[in-house]
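Structure first, commentary second.
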Amino acid sequence: MPRRLAFLGFVGSCLLLTTRSVRADDPSTPGYFPLRVGNWWTYEEQDAGGKPLSRETWTLVEDAGDNRTGEFHLRSLTKRLDALGHLGNRWEGHEYLRVATDGVRKRFPAGRDAELELLLLKEPGRLGTRWHDAQGECAVTADHAACVGPLGRLTDCLVTVCSLGDPPATTVTSTYARGVGMVRQEVDILQLVPGFEGSTAMIPLATATGGHSVLRLTAYNVGPVPDRRKRQP
């Protein structure tokens, strides 16, 4: 499965465990990444017009021997729902998540590409926190905000925006709910065109975007006891 920026995965973009209780006003990032072996999240990707493009299921599985100290293994399965699906295109991905002193990190193991590690959320998890890594320039743009999950309104959500390129060609906006995980991720890709004559600079094309997609959480199970209201498809 192609790597996402912060995502994924696209980024997805992501889901971790804290072994202590977390207060609603606690700015630590693991509160937005509940992780326990057996937890799962199902997402649907849609294009700008709302047409389904793919369905993804992320599951936290037992260590198969590839985990490093403190890591959790996230296995993803993706099925295309658009024209590519008729070609039988399905992907399986493997990522490794951990809580570090600077926040929540994700590691992509080496495969066809070199190993890559990203900082998904930097401590503290609150408005104004900024960081820079392979995802580009990232910032928390909202905290303790309302958002919508599969079961309705959620009251404690964190929003991050990562922009890659100069000028930014790709922008990834991710929304995480405390105790749930990532509930939504929007990816916008701008078309870049040459600047003034004789210049090597590229500027965004004001009249068109190169693409827009939304990854939306449709079902999940978090915790030791499955909730019958949250049925995995």
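Here the sequence shown stands for residues 6 to 238, numbered as in the numbering used here. Beta carbons are placed, not taken as given, at the ideal position from N, Cα and C, and that holds for glycine.
Item                                                                                                                                     : Value
What is the C-beta distance between L163 and R189, in whole angstroms, given that I count them as a contact (C-beta under 8 Å)?          : Contact doesn't hold; Cβ gap of about 11 Å is too wide.
Within a Cβ cutoff of 6 Å, which residues of the same chain sit near A150, ignoring the five residues on either side of it in sequence?  : C162
Using CA atoms only, rank isn't needed, just tell me which of V109, D107, G98 is closest to R117.                                        : G98
Measure the beta-carbon distance from L40 to L65 and round it to whole angstroms, keeping in mind my assumption that it falls under 8 Å. : 6 Å
Quick one: give me the first and last residue of the beta strand (DSSP E) that D138 is part of.                                          : 135–138
Reducing DSSP to helix, strand and coil, say where S26 ends up.                                                                          : Model confidence at S26 stands at a pLDDT of 41, short of 50, so the residue's coordinates are unreliable and nothing is read from them.
From A174 to I194, what does the alpha carbon distance come to, in whole angstroms?                                                      : 6 Å
Is P173 helix, strand or coil by DSSP?                                                                                                   : coil
So L123 and Q140 are supposed to be a Cβ contact under 8 Å. How far apart are they, rounded?                                             : 6 Å
For T47, is the classification buried or exposed, using 16 other Cβ atoms within 10 angstroms of its Cβ as the cut-off for buried?       : buried
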